[in-house]
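The structure appears right after this line, and notes come after that.
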Amino acid sequence: MNEIRKVRLVALDCDGVLINDTYLAVIERFVTRHGGCYDARAERDIVGLRDVVVAERIGRLCGLDQPVADTLAAIWAEREQYLRERPIKARDGVVDLLTSLRNLDVRVICYGGRKREHTFDHHLGHVVGLLDPEHPYVSINEHRPGVAWIVRDVIGCDFDEAVFIDDVSRVAEAAREHGSGFVGFPSGAAHRRQHQFMVEGGVRHIVSSLSEITPRLLARIDGELATSSHWSTR
Numbered sequence: 011m012n013e014i015r016k017v018r019l020v021a022l023d024c025d026g027v028l029i030n031d032t033y034l035a036v037i038e039r040f041v042t043r044h045g046g047c048y049d050a051r052a053e054r055d056i057v058g059l060r061d062v063v064v065a066e067r068i069g070r071l072c073g074l075d076q077p078v079a080d081t082l083a084a085i086w087a088e089r090e091q092y093l094r095e096r097p098i099k100a101r102d103g104v105v106d107l108l109t110s111l112r113n114l115d116v117r118v119i120c121y122g123g124r125k126r127e128h129t130f131d132h133h134l135g136h137v138v139g140l141l142d143p144e145h146p147y148v149s150i151n152e153h154r155p156g157v158a159w160i161v162r163d164v165i166g167c168d169f170d171e172a173v174f175i176d177d178v179s180r181v182a183e184a185a186r187e188h189g190s191g192f193v194g195f196p197s198g199a200a201h202r203r204q205h206q207f208m209v210e211g212g213v214r215h216i217v218s219s220l221s222e223i224t225p226r227l228l229a230r231i232d233g234e235l236a237t238s239s240h241w242s243t244r
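Below is the structure:
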């Protein structure tokens, strides 16, 4: 029986979960092309922060003698080039996943680092009716990694009543710190380090496709949160 008793919110990352990744791969390519050493230490330092902080750290890593605003503009230009080669598309199973979540007694939102019109409306606008009517999409760039902002200020539930589904380990770390649920989605070669970071950080549930995020899995997480057993020991 897939009964949800504890969880009130399921929050899904947009870029990297509901659509194909346009973040990690772009950062790695930009750093490499500009002479920086992109290793595990660099990825831990860079990924999952505000855009201007990411640009500042990348500029320092690559030894770029220019304003942060110029570095950020160059990163966005790199992203546009990347998207010409690999256009954004919704992942297989998005509608099925959101439909299954809609049948549960939970609020379901999507969140991401860009404004709603930049990514969500263009590529996921067709599923807006399957998401929370008040907050279908939440921009978190100014509040990264977003866990505290979404739970406290946007939704207003308790931390252990929320489950986050994300491809970045910094969100997992925040979820663990606050006692929220977390499902890792480190799909593809660009996420190889994120997968390892999540394992090292005690993430219990890591999936590689949306079809694995089922009511049964959420019911299991619901039970773990209710008994404070969701996070494995490190």
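So the sequence shown is numbered by this note's numbering: it starts at 11 and just counts up by one. Just so you know, even glycine gets a beta-carbon here, dropped at the ideal spot from N, CA and C.
Residue i and residue j: beta carbons closer than 8 angstroms?
i, j, result
"L82", "R154", "no"
"H240", "R214", "yes"
"L111", "C120", "no"
"D177", "S190", "no"
"Y92", "R126", "no"
"A236", "R15", "yes"
"V27", "L228", "no"
"R203", "A21", "no"
"I216", "H201", "no"
Output the boundary residues of the alpha helix (DSSP H) element that contains residue i.
i, result
"G233", "225–236"
"G69", "61–72"
"F130", "130–134"
"W241", "Unbroken run through W241: none, as it is neither H nor E."
Going by Cα to Cα distance, which pick from the options is closest to residue i?
i, options, result
"N113", "G212, E13, P77", "E13"
"V199", "E95, R18, D23, V36", "In the sequence as displayed, the identity of residue 199 is Ala instead of Val. Taking only the C-alpha atoms, the option nearest A199 is V36."
"V64", "D142, R214, A79", "A79"
"A100", "L227, I223, F130, G46", "F130"
"E144", "G135, E152, V118", "V118"
"G7", "L111, R43, R162, G103", "Residue 7 lies beyond the stretch modelled for the chain, which goes from 11 to 244, so this question has no answer here."
"V181", "D23, A236, S242, I98", "D23"
"R124", "V138, D168, S149, G103", "S149"
"T32", "E210, W86, S218, N151", "W86"
"G122", "I29, P225, I231, R18", "I29"
"E152", "D61, A21, A50, L19", "D61"
"V116", "R67, V41, C167, V138", "C167"
By the DSSP assignment, the beta strand (DSSP E) with residue i in it spans what residues?
i, result
"R117", "117–122"
"V20", "19–23"
"V9", "No information on residue 9 is available, as it lies outside the stretch 11 to 244 that the chain covers here."
Compute the minimum distance between the beta carbon of residue i and the heavy atoms of the ligand PLP, and state whether it is under 7 angstroms.
i, result
"R39", "Annotation note on the ligand PLP: not contained in the displayed structure, which lists no ligands."
For residue i and residue j, which I take to be in contact (beta-carbon distance under 8 angstroms), what is that distance rounded to the nearest angstrom?
i, j, result
"F174", "F192", "5 angstroms"
"S197", "S218", "5 angstroms"
"L220", "G139", "At roughly 18 angstroms, the Cβ-Cβ gap does not stay under 8 angstroms, so L220 and G139 are not in contact."
"A52", "L71", "6 angstroms"
Which runs of the beta strand (DSSP E) spanning at least 3 residues fall entirely within the stretch 136–178, listed in chain order? 147–149, 172–176
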